[in-house]
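There are 2 protein chains.
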Amino acid sequence: MLSQFKFVTGNPNKVREASEILDLTLESVQVDGLFEVQSPDLDIVVRHKAEQAFSILQCPVMVEDSGLVFNAWNGLPGALVKWFEETVSCDGMLKMIEGFDDRSATAICCFAVYDGKDMKIARGEVNGTLSSSIRGNSGFGWDVIFIPEGYEQTYGEMSPNEKNAISHRKRALDQLKQELS
Amino acid sequence: MLSQFKFVTGNPNKVREASEILDLTLESVQVDGLFEVQSPDLDIVVRHKAEQAFSILQCPVMVEDSGLVFNAWNGLPGALVKWFEETVSCDGMLKMIEGFDDRSATAICCFAVYDGKDMKIARGEVNGTLSSSIRGNSGFGWDVIFIPEGYEQTYGEMSPNEKNAISHRKRALDQLKQELS
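Here the protein sequences come in this chain order: H and V.
Residues in the first sequence are numbered from 315 upward in steps of one, following the working numbering.
Residues in the second sequence are numbered from 315 upward in steps of one, following the working numbering.
What follows is the structure, given as structure tokens:
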């Protein structure tokens with residue numbers, strides 16, 4: 315029932331990655347006027363985005379969002395991390411966490427697939443630590459401050475292939491594949 | 315044209331305060347399913363909320379939102395301050411700002427009045443400083459960490475009457491009164 319859906323995104327790299335992992339030919343579509351509800355909780359944000367996209371497109375949809383939780387901050391920034399990047403930047407985030415002993419963080423990606431009746435949510439998480447300074451030139455956003463568990467490099471110091479093989483997005487897509495099969 | 319509108323809020327104190335300052339008999343209404351768009355910018359949040367409320371109620375509406383900007387954080391938390399309160403709490407916010415020299419902050423309140431055609435936005439701001447610890451039992455939210463310019467007390471150490479006479483909400487309502495007249 316949910317095998318045919320449009321991936322609502324403007325990012326062709328995400329479409330390629332998702333198509334490969336899900337082993338589906340995914341059609342993608344950009345939707346103007348789609349917005350994100352104010353919450354640090356990724357589940358809430360993707361559910362809401364999926365409902366909106368369905369109500370605009372009137373066809374089964376897939377949406378995605380990702381975020382970074384600083385465990386000392388009890389859920390923050392979470393899905394709100396993009397606003398931290400735009401205001402204080404990654405440098406500022408490291409300065410804000412300085413006074414806290416716990417520097418562990420969790421990278422989270424959520425996908426929602428919705429056909430107007432069933433909502434399937436898939437979540438991928440990667441535990442890790444915040445670096446003490448900006449490191450790396452690869453990736454985007456907060457990749458330069460997140461060191462996944464078991465590695466010494468930040469996401470930003472890894473090649474795209476290395477990161478994509480172990481990332482929170484990869485885990486969420488693996489989970490989604492199970493949900494859909 | 316915009317003299318008749320419903321104030322979309324569940325807070326009777328806000329209704330009383332707004333009625334008094336605007337010198338209008340305000341009808342208030344609670345709207346289920348109204349949500350806030352993800353942005354630290356109060357103008358964006360109230361515009362969006364007003365459009366939603368109008369589209370649900372199909373009558374002229376007034377909405378309100380407020381927030382606190384830490385100037386060292388370039389716009390953050392702003393309208394997102396409620397999520398900071400819910401996750402790290404006011405104590406956590408003070409810990410996050412410790413590494414920054416600039417402890418100045420701006421309390422902001424925005425009202426939007428919308429009749430489906432014209433959108434009137436009124437904004438009130440109060441400059442101030444962040445206290446070094448939680449102070450006071452009055453008020454709500456971040457009142458206990460914000461010291462308005464020219465005062466030694468936090469909002470939370472003032473009586474409701476003292477605070478309401480000088481607050482960002484009072485200034486926004488004064489501004490709105492001018493806009494509407």
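Ideal Cβ placement from N, Cα and C applies to all residues, glycine included.
All figures in this text were calculated on a predicted structure; none of them were measured in a lab.
Identify the continuous alpha helix (DSSP H) that holds proline 326(V) and give its terminal residues.
Residues 326-336.
Does the structure place the region 408-427 of chain V close enough to the region 386-394 of chain V that three or more beta carbon pairs sit under 8 Å?
Judged by Cβ distances under 8 Å, the region 386-394 of chain V makes contact with the region 408-427 of chain V, as three or more pairs qualify.
Counting contacts by CB-CB distance shorter than 7 Å, is valine 402(H) in contact with chain V?
Answer yes: the Cβ-Cβ gap between valine 402(H) and chain V drops below 7 Å somewhere.
In whole angstroms, give me the CA-to-CA distance for glutamate 466(V) and alanine 419(V).
Near 15 Å, if we compare the C-alpha coordinates of alanine 419(V) and glutamate 466(V).
Distance check for proline 462(V) and aspartate 357(H), CA to CA, integer angstroms please.
Between aspartate 357(H) and proline 462(V), the C-alpha separation is close to 37 Å.
Give me the chain V residues within the contact set of glutamate 439(H), using Cβ-Cβ distance strictly less than 7 Å, ordered along the chain.
Residues of chain V passing the Cβ test: none, with the nearest at roughly 18 Å.
Taking aspartate 379(H) and lysine 363(H) to be in contact with their CB atoms under 8 Å, please state how far apart those CB atoms are, rounded to whole angstroms.
With 8 Å as the limit, aspartate 379(H) and lysine 363(H) qualify as a contact, their Cβ atoms being about 7 Å apart.
Would glutamate 331(H) count as contacting chain C if we go by Cβ distances under 7 Å?
The question asks about chain C, but that chain is absent: this structure's protein chains are H and V.
From the DSSP secondary-structure annotation, give me the bridge partner or partners of alanine 419(H).
Beta-bridge pairing links alanine 419(H) to Phe384(H), Gly442(H).
Any C-beta of chain H within less than 8 Å: which residues of the region 352-372 of chain V qualify?
Listed in sequence order: Gln352, Ser353, Pro354, Val359, His362.
Leaving out five residues before and five after methionine 472(V) in sequence, what residues of the same chain have Cβ atoms less than 7 Å from its Cβ?
The residues are Ser452.
Give the residues of chain V in contact with leucine 394(H), contact being defined as C-beta atoms less than 8 Å apart.
Simply Gln352, Leu394, Trp397.
Which bits of chain V does leucine 390(H) rub up against, with CB to CB less than 7 Å?
Ordered by position in chain V, the residues that pass the 7 Å Cβ test against leucine 390(H) are Trp397, Phe398, Thr401, Val402.
Label serine 447(V) either buried or exposed according to how many other C-beta atoms from any shown protein chain fall within 10 Å of its C-beta, with 16 as the threshold for buried.
Its Cβ having fewer than 16 others within 10 Å, serine 447(V) is exposed.
Using only the alpha-carbon positions, how far apart do methionine 410(H) and serine 353(V) sit?
When rounded, the distance between both Cα atoms is 20 Å.
Based on the DSSP output, what are the partners of alanine 436(V) in its beta bridges?
Answer is Phe425(V), bridged to alanine 436(V).
At what residue ranges does the region 339-419 of chain H contain a whole run of the alpha helix (DSSP H), taking only runs of 4 or more?
Fully enclosed alpha helix (DSSP H) runs of 4 or longer: 356-371, 395-401, 403-411.
Consult DSSP for lysine 431(V) and reduce its assignment to one of helix, strand or coil.
Coil, per DSSP.
Work out the CA separation of tryptophan 456(V) and glutamine 492(V) for me, nearest whole Å.
Cα-Cα distance, rounded: 28 Å.
Say whether chain H places a C-beta atom closer than 7 Å to the C-beta of methionine 410(V).
It does; some Cβ of chain H falls within 7 Å.
Can you have a look at glutamate 266(V) and say buried or exposed, based on whether 16 or more other CB atoms are within 10 angstroms of its CB?
Because residue 266(V) is not part of the residues shown, which for chain V are 315 to 495, the question remains open.
For proline 474(H) and alanine 386(H), I'd like the C-alpha separation in whole angstroms.
Rounded to whole angstroms, proline 474(H) to alanine 386(H) spans 28 Å at the Cα level.
Counting only beta-carbon separations shorter than 7 Å, does tryptophan 387(V) have a partner in chain H?
It does: the Cβ of tryptophan 387(V) has a partner Cβ on chain H nearer than 7 Å.
Could you check how far apart the C-beta atoms of valine 402(V) and asparagine 325(H) are, in whole angstroms? I think they sit under 8 Å.
The pair is not a contact, with the Cβ atoms about 31 Å apart (cut-off 8 Å).
Which chain V residues sit within Cβ distance under 9 Å of glycine 406(H)?
Within chain V, the residues near glycine 406(H) are Ala386, Trp387, Asn388, Leu390, Phe414.
Show which residues of chain V have a CB atom less than 8 Å away from the CB atom of phenylalanine 349(H).
Here the neighbours are Val351, Gln352, His362.
Can you give me the C-alpha to C-alpha distance between lysine 320(H) and phenylalanine 454(H), rounded to a whole angstrom?
Going by the C-alpha atoms only, they are around 24 Å apart.
Return yes when the Cβ of leucine 348(V) is within less than 7 Å of the Cβ of glutamine 366(V), no when it is not.
Contact flag set, yes.
Starting from isoleucine 461(V), trace the beta strand (DSSP E) both ways and give me its first and last residue.
It spans 460-462 - the beta strand (DSSP E) in which isoleucine 461(V) sits, taken as one unbroken run.
Can you check whether the CB of phenylalanine 414(V) is closer than 7 Å to the CB of glycine 442(V)?
Contact: no.
Might you give, ordered along the chain, the residues of its own chain that have their beta carbon closer than 6 Å to the beta carbon of leucine 490(H), omitting 5 neighbours on each side?
Excluding positions up to five away in sequence, the list reads Phe425, Ala436.
Is the closest heavy atom of the ligand ADP to the C-beta of glycine 413(H) under 6 Å?
Summarising the ligand content, the structure contains no ligands, and the ligand ADP is consequently not present.
Mark methionine 315(H) as exposed unless 16 or more other C-beta atoms lie within 10 angstroms of its C-beta, in which case mark it buried.
The predicted position of methionine 315(H) is uncertain, since its pLDDT is 44 and thus under 50; a value taken from the coordinates is nonetheless stated next. The residue is exposed, with fewer than 16 neighbouring Cβ atoms inside 10 Å.
Which residues share a DSSP beta bridge with phenylalanine 321(V)?
Paired residues: Ser342(V), Met376(V).
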